[in-house]
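Counted from 1, the sequence shown has number 129 at position 143 by the numbering used here; the numbering is strictly sequential. Positions of the beta carbon are idealized from the N, C-alpha and C atoms, including for glycine.
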Amino acid sequence: MTDHVQSAELDIDALMEASESPDAGALVVFGGTVRRAHEGKTVTAIEYSAYAPLAEKALAEVEAAAMEQFDILSCTIRHRIGKLEVGELSVIVVVRAAHRAAAFEAGRYAIDTLKKTAPVWKREAYSDGTEVYLQGESLPGAGQ
């Protein structure tokens, strides 16, 4: 098992350093954070949960697909689980490529695809004391 899914704080600098390459002319980093408002409600925290073995596999598959589909040198994804406060990093995608177009395209592909395929669930807590699991996208092949 790798560390695609982790409870520890995400470290952008370490991920960028680990992906360094003299062949890279482009570095694209996406960091998703917990935002303060959602659908008119004030968010105080989000608790992320996942079935780790399946989530690890799904995120590794997104990385591999990005490598296959785009002319990039590396794609690294990390997703945090546990209770996160407003402003904390929940997900990071780091892409290195020789050129910026491929890096941007692969980065967008990676975040969009993981949002659709990774079995990671969010429970938002609001300032009024209520909590709700957010409706995600159906996993490919679900219900078949």
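Below 8 Å on the Cβ atoms is my guess for residue i versus residue j; work out the distance and round it to an integer in Å.
{"i": "Arg22", "j": "Val72", "result": "5 Å"}
{"i": "Leu70", "j": "Ile32", "result": "5 Å"}
{"i": "Ile63", "j": "Ala96", "result": "6 Å"}
{"i": "Ser7", "j": "Arg82", "result": "6 Å"}
For the alpha helix (DSSP H) that residue i lies in, which residues bound it at each end?
{"i": "Arg103", "result": "Just to set this straight, residue 103 is Thr in the shown sequence, not Arg. Where Thr103 is concerned, the enclosing alpha helix (DSSP H) stretches over 86 to 103."}
{"i": "Leu1", "result": "-2 to 4"}
I need the boundaries of the beta strand (DSSP E) containing residue i, first residue and last residue.
{"i": "Glu117", "result": "117 to 119"}
{"i": "Val20", "result": "Unbroken run through Val20: none, as it is neither H nor E."}
{"i": "Glu110", "result": "106 to 112"}
How about residue i and residue j: do their beta carbons lie closer than 9 Å?
{"i": "Ala104", "j": "Ala12", "result": "no"}
{"i": "Ile67", "j": "Ala38", "result": "yes"}
{"i": "His65", "j": "Tyr34", "result": "yes"}
{"i": "Val79", "j": "Val(-9)", "result": "no"}
{"i": "Leu40", "j": "Ala10", "result": "no"}
{"i": "Val48", "j": "Cys61", "result": "yes"}
Checklist entry - Which runs of the beta strand (DSSP E) spanning at least 3 residues fall entirely within the segment 30 to 90, listed in chain order? => result 60 to 66, 68 to 71, 75 to 83
Item to check | Cβ contact (3+ pairs, closer than 8 Å) linking the segment 2 to 15 and the segment 40 to 54 | outcome: no
Checklist entry - So does the segment 23 to 30 actually touch the segment 103 to 121, counting three or more Cβ pairs closer than 8 Å? => result yes
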